[in-house]
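Residue numbers (the working numbering), protein chains in the order written: chain H, 628 to 973; chain U, 628 to 973.
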């Protein structure tokens with residue numbers, strides 16, 4: 628499989644979350660616009676050219692997300708800015724215990740309703756970037772629907788922690804779920820393989836009751852790692868979706884070998900599922916030098932991960948960028964994965 | 628009815644939460660130790676003497692709260708202090724969407740599991756103060772069980788936002804629910820009347836499925852006011868508890884007249900319920916000069932509220948202090964309520 632293009636647009640660089648909360652301390656947010664530059668460098672290194680996504684409207688997004696949530700994302704910042712003395716970005720405070728009570732009118736409370744955590748501030752440009760990030764995902768899916776064997780969308784902000792109606796972990800719109808739903812205009816079944824350092828809890832929740840989408844995630848053990856509440860091996864799907872969710876929590880600091888072992892098992896299950904198409908939620912933060920320091924994958928490890936995924940299934944594939952944070956090797960790790968996936972040398 | 632004592636202890640003044648979150652901005656926390664001094668001044672003005680509560684152990688607390696939550700409150704600060712570079716107080720970040728999944732091992736995640744919002748930091752002295760606050764409530768209940776017609780516990784920190792397993796809104800242990808459970812050693816049915824500015828969501832949730840405890844709350848409309856997700860008139864109880872919860876949300880800025888109208892309706896329902904005992908969750912933050920500025924009750928209004936409650940039912944009554952924040956009249960408002968309740972002049 629060979630990919631000529633990386634789908635990306637400058638709109639995705641406008642969102643600039645300044646901080647997030649780590650153990651009660653406000654810290655510099657690593658989900659920065661510069662990530663796009665670093666990843667574009669890697670994409671160029673892998674021989675790709677930039678292609679701009681089209682505007683696909685809200686249709687493809689509303690296949691995954693609730694209308695009320697989309698309204699919140701689009702208008703929350705403006706409504707928040709009317710509050711005297713409020714922070715520069717929409718920030719959650721109080722969270723509902725159950726989600727079936729009254730929906731509050733206050734944007735402060737809606738922020739708690741629609742956010743799992745304190746890492747998704749909404750500023751003036753957030754909606755624009757999230758929207759174009761989703762459209763990049765749709766564009767890559769379109770390319771595959773039009774006949775490309777594979778396509779890569781450099782989605783930023785990332786998406787896999789966002790559920791149908793909640794932001795979380797730097798994610799607002801679930802780009803890989805949106806790409807999946809778009810592929811299902813043509814394909815009856817899709818597998819999503821998430822190799823991000825963090826469990827793809829948003830994606831899992833969106834498809835948890837469905838048997839036509841197999842969701843598989845390999846990630847650092849959530850017992851003491853974000854997202855904490857999800858990503859356990861015991862979560863295997865529910866109802867019609869029972870057996871169609873698979874989690875591989877790895878001990879902190881796991882290296883290439885442990886990751887590739889889990890990957891082989893993941894790919895076995897995916898082959899057994901025999902999907903019509905594949906979506907890769909490509910986080911690069913499992914890297915040994917990533918600021919989150921959760922796992923210890925090497926650059927060669929990402930190449931090998933690419934080789935095994937690319938070699939396992941000969942089906943249309945959409946690759947969606949998820950996490951991976953500023954470090955010298957971020958671009959190289961993308962290039963390593965892509966070249967592996969295309970079965971070329973790094 | 629006449630009360631000679633205010634139940635209180637210096638242990639309750641040790642907890643010192645420094646900040647809370649208002650519209651995304653960290654602000655000075657008004658739930659300060661000095662509240663106790665101000666309220667004691669008021670109690671003295673009403674002719675009361677201080678009596679120290681006994682240590683009642685965890686028994687009376689575990690009638691209301693989950694053991695896992697109590698373990699969390701007791702040990703969270705110590706566990707948190709092992710995290711390098713963490714904040715000075717346990718602070719929530721990520722919250723579960725549902726509460727039936729895996730219980731995470733990390734204290735960071737447990738904080739999100741056990742807190743609805745960012746206003747309940749746990750520091751070195753929090754558990755001690757919360758425990759003695761609950762014991763003050765138990766002590767007042769004991770006095771009533773021993774024959775006093777009424778007793779007042781100056782509980783601090785407050786309790787009515789705390790549910791069986793969650794802290795929220797400055798509250799850790801639900802003192803009025805604990806007093807209620809203690810009264811039920813002898814009495815078959817108890818009514819709880821909450822006149823705090825904020826809806827008593829913790830208390831409501833604890834008794835929501837029970838018909839032997841009637842919960843009634845008069846408060847500022849939660850559509851745009853804390854606790855946002857609870858306190859609507861539509862919440863009337865569930866299962867066996869259907870019809871045994873009653874909320875009176877009042878428009879922001881409502882004055883004495885509107886409050887007293889709601890109070891008359893509340894007391895009618897309580898008389899109809901015909902409980903063996905009454906618990907008053909006495910917030911004084913509905914005051915026109917309270918920093919939260921939600922309602923506009925006057926000092927005379929609190930006196931009249933006391934008169935109507937004291938005159939409505941001739942049953943054993945435990946009065947539990949809830950909110951009411953630093954302002955010149957805080958003590959006077961307590962004295963006004965107490966003297967009204969005892970049917971004396973201010």
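Beta carbons: idealized from backbone N, C-alpha and C, even for Gly.
For clarity, every value in this text was computed on a predicted model and none was experimentally measured.
Reduced DSSP secondary structure (H/G/I, E/B, other) of residue 856 of chain U: Correct three-state label for residue 856 of chain U: coil.
Three or more C-beta pairs under 8 Å: does that hold for the region 941 to 950 of chain U against the region 769 to 779 of chain U? Result yes; three or more Cβ-Cβ pairs closer than 8 Å.
Against chain H, with Cβ distances strictly below 7 Å, would residue 728 of chain U count as a contact? Yes - at least one Cβ of chain H is within 7 Å of the one on residue 728 of chain U.
Positions along the region 642 to 662 of chain H whose CB lies within less than 7 Å of some CB in chain U: Per Cβ criterion, the list reads 648, 650, 651 and 652.
At least one CB of chain U closer than 7 Å to the CB of residue 919 of chain H: is that the case? Under the 7 Å criterion on CB atoms, residue 919 of chain H is classed as non-interfacial with respect to chain U.
Quick one: using the 10 Å Cβ neighbour count with 16 as the cut-off for buried, is residue 952 of chain H buried or exposed? Counting Cβ neighbours within 10 Å, residue 952 of chain H comes out buried, since at least 16 surround it.
Separation of residue 892 of chain U from residue 807 of chain H, as counted between CA atoms: For residue 807 of chain H and residue 892 of chain U, the distance between alpha carbons rounds to 55 Å.
Quick one: is the Cβ of residue 734 of chain U within less than 6 Å of any heavy atom of the ligand MN? The ligand MN is not part of this structure, which contains no ligands at all.
For the putative contact between residue 650 of chain H and residue 713 of chain U, defined by C-beta atoms under 8 Å, what is the C-beta separation to the nearest angstrom? Residue 650 of chain H to residue 713 of chain U, Cβ: 4 Å. Contact.
Span of the beta strand (DSSP E), counted from its first residue to its last, around residue 687 of chain U: Counting along the chain, residue 687 of chain U falls outside any beta strand (DSSP E), though it belongs to the alpha helix (DSSP H) covering 686 to 689.
Based on the DSSP secondary-structure assignment, which residues constitute the bridge partners of residue 632 of chain H? Per DSSP, H/676.
Is the CB of residue 720 of chain U under 7 Å away from at least one CB in chain H? Yes - at least one Cβ of chain H is within 7 Å of the one on residue 720 of chain U.
For the beta strand (DSSP E) containing residue 906 of chain U, list its first residue and its last residue. 904 to 909 is the span of the beta strand (DSSP E), which, as asked, contains residue 906 of chain U.
Quick one: which chain H residues come within Cβ less than 7 Å of residue 736 of chain U? Simply 855 and 856.
Check whether the Cβ atoms of residue 732 of chain H and residue 850 of chain U sit closer than 7 Å, and answer yes or no. With contacts defined as CB atoms closer than 7 Å, residue 732 of chain H and residue 850 of chain U qualify as a contacting pair.
Which residues mark the beginning and the end of the alpha helix (DSSP H) in which residue 756 of chain U is found? First-last of the alpha helix (DSSP H) with residue 756 of chain U: 753 to 772.
Residues in the region 744 to 765 of chain H with C-beta within 7 Å of chain U's C-beta atoms, listed in sequence order? Cβ contacts with chain U come from 744 and 745.
So, using beta-carbon positions, are residue 931 of chain U and residue 923 of chain U closer together than 7 Å? In this structure, residue 931 of chain U keeps its C-beta atom at 7 Å or more from the C-beta atom of residue 923 of chain U.
Which of the three DSSP states, helix, strand or coil, is assigned to residue 893 of chain U? If DSSP states are grouped into helix, strand and coil, residue 893 of chain U belongs with the helices.
The beta strand (DSSP E) enclosing residue 1012 of chain U, as first and last residue numbers: Chain U is shown from 628 up to 973; residue 1012 of chain U falls before or after that span and cannot be answered.
Those residues which DSSP pairs with residue 817 of chain H across a bridge: In the DSSP output, where bridge partners are listed per residue, residue 817 of chain H has H/840 and H/904.
Check whether the region 718 to 737 of chain U and the region 655 to 674 of chain H are in contact - that is, three or more C-beta pairs closer than 8 Å. Two segments are said to touch when three or more pairs of C-beta atoms, one from each, lie closer than 8 Å; by this definition the region 718 to 737 of chain U does not touch the region 655 to 674 of chain H.
Based on the DSSP output, what are the partners of residue 846 of chain H in its beta bridges? Answer by DSSP bridge pairing, in chain order: H/876.
So the candidates are H/720, H/905, H/757 and H/834; which of them puts its Cα closest to the Cα of residue 743 of chain H? Proximity to residue 743 of chain H across H/720, H/905, H/757 and H/834 peaks at H/720, based on C-alpha coordinates.
Take the Cβ of residue 830 of chain U as the centre, count every other Cβ of all protein chains shown within 10 Å, and call the residue buried at 16 or more, exposed below. So residue 830 of chain U counts as buried.
Excluding five sequence neighbours on each side, which residues of the same chain lie with their C-beta closer than 6 Å to the C-beta of residue 918 of chain H? Hits under 6 Å: 657 and 952.
Give the residues of chain U in contact with residue 869 of chain H, contact being defined as C-beta atoms less than 7 Å apart. Within chain U, no residue comes near residue 869 of chain H; the closest Cβ sits about 16 Å away, beyond 7 Å.
So which of U/631, U/902, U/860 and U/940 has the shortest CA-CA distance to residue 818 of chain U? The shortest Cα separation from residue 818 of chain U among U/631, U/902, U/860 and U/940 belongs to U/902.
What is the residue span of the beta strand (DSSP E) that residue 777 of chain U lies within? Its beta strand (DSSP E) spans residues 777 to 780.
From this set, H/858, H/966 and H/863, which residue's C-alpha is nearest residue 896 of chain H's C-alpha? Taking each of H/858, H/966 and H/863 in turn and checking the Cα distance to residue 896 of chain H, the smallest one comes out for H/863.
Count the other CB atoms within 10 Å of the CB of residue 655 of chain H; is the residue buried (16 or more) or exposed (fewer)? Counting the other CB atoms within 10 Å of its CB gives residue 655 of chain H a total below 16, which places it among the exposed residues.
Residues that residue 954 of chain H bridges to, as DSSP identifies them: Answer is none; residue 954 of chain H lacks a bridge partner.
For residue 717 of chain H, the three-state DSSP class (helix, strand or coil): Assigned with DSSP and collapsed to three states, residue 717 of chain H falls in strand.
Between which two residues does the alpha helix (DSSP H) carrying residue 735 of chain U extend? Following the DSSP letters along the chain, one finds residue 735 of chain U inside the alpha helix (DSSP H) bounded by residues 734 to 740.
Could you check what DSSP says for residue 663 of chain H in three-state terms: helix, strand or coil? In the three-state scheme derived from DSSP, where H, G and I count as helix and E and B as strand, residue 663 of chain H is classed as helix.
From what residue to what residue does the beta strand (DSSP E) around residue 646 of chain H run? In this chain, the beta strand (DSSP E) harbouring residue 646 of chain H covers 646 to 649.
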